[in-house]
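Residue numbers (this note's numbering): 18 to 172. Notes for the one structure printed next.
So this is what it looks like as structure tokens:
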């Protein structure tokens with residue numbers, strides 16, 4: 018797949034690996050990606066999350082609570098893919114699905130790049146448990162998609 022990531026998403030994906038390492042995890046989980054997106058998303062992401070009524074601190078705290086108890090992961094890593102040649106942590110299958118869903122959403126919305134809000138929507142699409150955590154913080158996938166569309170349309 019060919020991904021066109023915004024600069025903030027590139028930073029978030031690098032940070033997700035760092036977060037995984039800090040927690041002592043062997044792979045990048047969807048929760049690592051989301052924590053990094055929330056930490057680096059900037060004003061644009063905050064505006065979208067505010068528009069849909071998300072309690073961002075609550076969501077971030079919930080992610081940390083999950084990360085504290087979520088290893089070993091029940092999200093498999095393909096055999097022989099424990100680390101890359103550069104020593105980077107691999108992505109789990111759900112993390113890879115997150116990227117795929119984000120790409121599809123970006124194409125559907127005719128976005129020029131995958132931005133943090135689009136990556137967040139991809140994560141909610143890919144992982145039911147994360148979607149449930151987000152809902153507890155007031156973030157629903159359909160509302161997020163609508164807000165992203167409005168941002169892209171300038172409305």
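Quick reminder that beta carbons are idealized off the backbone N, C-alpha and C, glycines included.
Residue i versus residue j - alpha carbon distance
i: residue 124; j: residue 82; result: 33 Å
i: residue 31; j: residue 169; result: 25 Å
i: residue 49; j: residue 172; result: 31 Å
i: residue 59; j: residue 68; result: 14 Å
i: residue 38; j: residue 51; result: 15 Å
i: residue 34; j: residue 72; result: 25 Å
i: residue 86; j: residue 143; result: 20 Å
Close Cβ partners of residue i (< 7 Å) along its chain, the five nearest in sequence each way excluded
i: residue 166; result: 126
i: residue 160; result: 69
i: residue 140; result: 47, 50, 51, 115, 147
Selection from the options that minimises the alpha carbon distance to residue i
i: residue 74; options: 155, 161, 169, 159; result: 155
i: residue 152; options: 111, 79, 107, 135; result: 79
i: residue 122; options: 105, 163, 53, 34; result: 163
i: residue 65; options: 137, 150, 146; result: 137
i: residue 22; options: 113, 129, 63; result: 129
DSSP-derived helix/strand/coil call for residue i
i: residue 47; result: helix
The alpha helix (DSSP H) enclosing residue i, as first and last residue numbers
i: residue 131; result: Premise fails: residue 131 is in no alpha helix (DSSP H) and is neither H nor E.
i: residue 73; result: 73-86
i: residue 159; result: 158-170
Same chain, Cβ closer than 8 Å to residue i, neighbours up to 5 away in sequence not counted
i: residue 57; result: 25, 28, 29, 32, 133
Cutoff 6 Å; reference residue i; Cβ partners in own chain excluding five residues on either side
i: residue 40; result: 84
i: residue 175; result: Residue coverage of the chain in this structure runs from 18 to 172, which leaves residue 175 outside it and unanswerable.
i: residue 55; result: 77
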